[in-house]
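Top line first, the protein sequences correspond to chains A and B.
Here numbering that gives the first Met the number 0 is used: position 371 in the first sequence is 370, and no number is missing along the way.
Here numbering that gives the first Met the number 0 is used: position 44 in the second sequence is 43, and no number is missing along the way.
All C-beta atoms in this analysis are idealised placements derived from N, C-alpha and C, irrespective of residue type, glycine included.
Only a predicted model underlies this, so the values are computations on that prediction, with no experimental measurement involved.
Written out below as structure tokens is the structure these notes cover.
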Amino acid sequence: MRNKKADILVIGSGMGGMSTAALLARDGYRVFVAEKTARIGGRCSTLEYKGYKCTSGVLAVEVNGIVQELFEQTGATFDVVPAGTSMFLIDGKLLAANRGSGMKSLLEATGADQGSIEKIMSAMSRAINWKEPSPGITLDSWIRQYTDHPGIIEVFQVLAKTALMVKVDEVAARYFFKFIQTVKGANEFGYCSGGSAALPEALGRVVLQNGGEIWTDSRVTRIATEDGVVQGAFLSHGEREFYVEAQVVVSDTGPKKTVELTGEQRFDADYLQELESKLNPTAVICLQVGLDEPLFEQNHMLLTGSKRVYALYQPTIICPDLAPKGKHLLIANAIPETSEVLTSEEGRQREIDLCFEDIKAVFPGFTKSNSVLLTGLYRDFWPGMHSWPGKDMPIKTPIINLYNVGDGVKQSGYSGLPAVVKSGMLVAGEIRQRMAVFNGPVGVQDPEKSSHLI
Amino acid sequence: MIRIDQTLCAGCATCVTACPVEAIVCPGMAVVDPDICTECLECLDVCPTDAISHWEPETARVQPVAIALLKETYAK
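Right, here's the structure in full:
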């Protein structure tokens, strides 16, 4: 057994962990990141395959929002090419959702009568600017108070799926509008020109430049605690075992895994109950296809009226480096009927078939042929998100100085990558505040004084 | 021999991209072709859900015997 010492131990190099790591490394803390797999980034990484730069999860990256803010704060390079205005395919018509009048023009394209549109628009305006819907009502039930028009419901459906990775009948109306309030105009997105791995790598560089360490192929086997205070963690790297002593441990493994690594018996029963009752991972399907010719001119389109696929991306229209010369990368995102259907062979096959049917319905010329690169499913311990929107765990655990980051501890109004980054920033802020009691980074302090952070 | 635990595999296809000899396909769940697999263990290093494990040759040899025994038992 060898010993290592750090101020902050981050378990998992996903974007949540890397956000905290980069921020605190820059402050001068000794940061140690342990990643069990061979590559950093988790679900925000690049999978190079047959000359294509596929994604391990994240593709559309929010621009002019909190993700960019983090990169500015840490001085990391934010290399994201903006994708432009969101394009929606509604009733066979492709239209742009311009800011301001966007929602109205989308609803008009559905062919719904003016009365219904006005009713829902004014209800929306009230929900966002005056009073949020009552708790417990789903977005679906909320819409149906005003209209049953299937086209209108479909517009909300694609918005809910794109933004929150759930369907209208699965998300609380209150949460949906909280999200709209939070993102305001900042829901523009773009693609990393060389693949999504550029984001965690840029943050990783900040960690390394500031004296931190990032170990890949390093599996944490146990988080050590003493009298309810975290002490560090044991990790195995190759054939060797290490003990990393740390003041603070930040887990980016998902709240359930954090408990597993620490030992259930060390947690209060109320926390375990909350974990059990709340945490339910979302499922997403991501198909990645290589194309000789692009299917359409734009770099993306959000689909209404399809069975499963809600978004098609062709990032190579503006980021040609993601595919071999002259080729294009098509990425289709879909929400399966339920997470459970993906547990059976039959269910998985049906869901994937429905996705291809959806693409064919819009582009009859599209053939499955041999161009399918990857059919990726995201669920359970490798999910779309570790928790449903609005069903998140807190960033703090009952163990003192043990935090969670990631999409299982999202703040209300945040979703996806921005939520992950937000959690990382919040945890970094909390740690700074606690450490400030000892006048800054523990590494440069009297070790006697800072040995117990309670 | 490479073994994929069906209860742990999410079907994310990360291992497909890591395999240097294209021995893995993932039509919703990862499957290894043992005839192509060189047991380089690259897939083990990238699996995010710890679904992939390596059977040592001794264990792998025992398995067919165990299966044959089981079949015999059930046949009776």
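Under the DSSP assignment, A/D6 falls in the beta strand (DSSP E) whose first and last residues are R1 to I10. Only those residues of the segment 151 to 166 of chain A whose C-beta falls short of 7 Å from the nearest C-beta of chain B would be listed, and there are none. Ranked by how close their Cα comes to the Cα of A/G383, the residues A/P149, A/L94, A/L163 and A/G211 have A/L163 in first place. In chain order, L7, A9, P47 and T48 make up the part of chain B whose C-beta sits under 8 Å from the C-beta of A/F380.
In the DSSP assignment, A/T181 falls within the unbroken alpha helix (DSSP H) covering A172 to V182. With respect to the C-alpha of A/S44, the residue from A/R29, A/T109 and A/G203 having the closest C-alpha is A/G203. In this structure, A/G405 sits near A/G15, with a CB-CB distance shorter than 9 Å. Distance from A/V249 to A/G231 at the Cβ level is roughly 12 Å; contact not present, criterion being Cβ atoms closer than 8 Å. Here DSSP, grouped into helix, strand and coil, assigns A/K52 to strand. Under the three-state reduction of DSSP output, A/N332 falls in the strand class. Counting only runs of 3+ residues, the beta strand (DSSP E) found wholly inside the segment 345 to 391 of chain A occupies 371 to 377, in chain order.
Three or more beta-carbon pairs separated by less than 8 Å link the segment 283 to 302 of chain A to the segment 325 to 332 of chain A, which places the two stretches in contact. Per DSSP, reduced to three states, the secondary structure at A/R221 is strand.
Here DSSP, grouped into helix, strand and coil, assigns A/G189 to strand. Contact residues of the segment 188 to 211 of chain A toward chain B are absent (C-beta to C-beta distance below 9 Å). Boundaries of the beta strand (DSSP E) harbouring B/R2: I1 to I3, taken from the DSSP string. Residue-level contact check: B/D44 touches chain A, since one or more beta carbons of chain A fall below 9 Å from its beta carbon. According to the DSSP secondary-structure assignment, A/L401 is paired through a beta bridge with A/V248. With 16 or more neighbouring CB atoms inside 10 Å of its own CB, A/N209 falls in the buried class. As the crow flies, the alpha-carbon of B/V15 is around 39 Å from that of A/K177. Boundaries of the alpha helix (DSSP H) harbouring A/Q113: Q113 to N128, taken from the DSSP string.
Taking 9 Å as the threshold, the shortest C-beta distance from B/E41 to chain A falls below it. As DSSP reads the structure, B/S52 sits in a beta bridge with B/R2. Contact between A/A427 and A/L22 holds, with the beta-carbon distance rounding to 4 Å and staying under 8 Å. Under the DSSP assignment, A/C285 falls in the beta strand (DSSP E) whose first and last residues are V283 to L290. Using a C-beta cut-off of 8 Å, the segment 166 to 176 of chain A makes no contact with the segment 24 to 41 of chain A, since fewer than three inter-stretch Cβ pairs fall below that distance. At a cut-off of 9 Å between beta-carbon atoms, B/V20 makes no contact with chain A. Close CB contacts of A/D391 within its chain, under the 6 Å cut and outside five residues either way in sequence, are with V408 and K409 (chain order). Looking at the DSSP output, A/K421 shares a beta bridge with no other residue. Close CB contacts of A/T19 within its chain, under the 7 Å cut and outside five residues either way in sequence, are with V9, V249, V404, G423, V426 and A427 (chain order). In this structure, A/D320 lies away from A/A201, with their beta-carbon atoms at least 9 Å apart. Taking a Cβ-Cβ cut-off of 8 Å, A/I10 has no neighbours in chain B, whose nearest Cβ is about 13 Å from it. In the structure shown, A/S85 falls within a coil segment according to DSSP collapsed to helix, strand and coil.
Under the three-pair Cβ rule at 8 Å, the segment 143 to 156 of chain A counts as touching the segment 109 to 122 of chain A.
Secondary structure note for A/M102: its alpha helix (DSSP H) is the uninterrupted segment G101 to A108. Under the Cβ distance rule, A/C43 does not count among the residues neighbouring chain B, no pair being separated by less than 9 Å.
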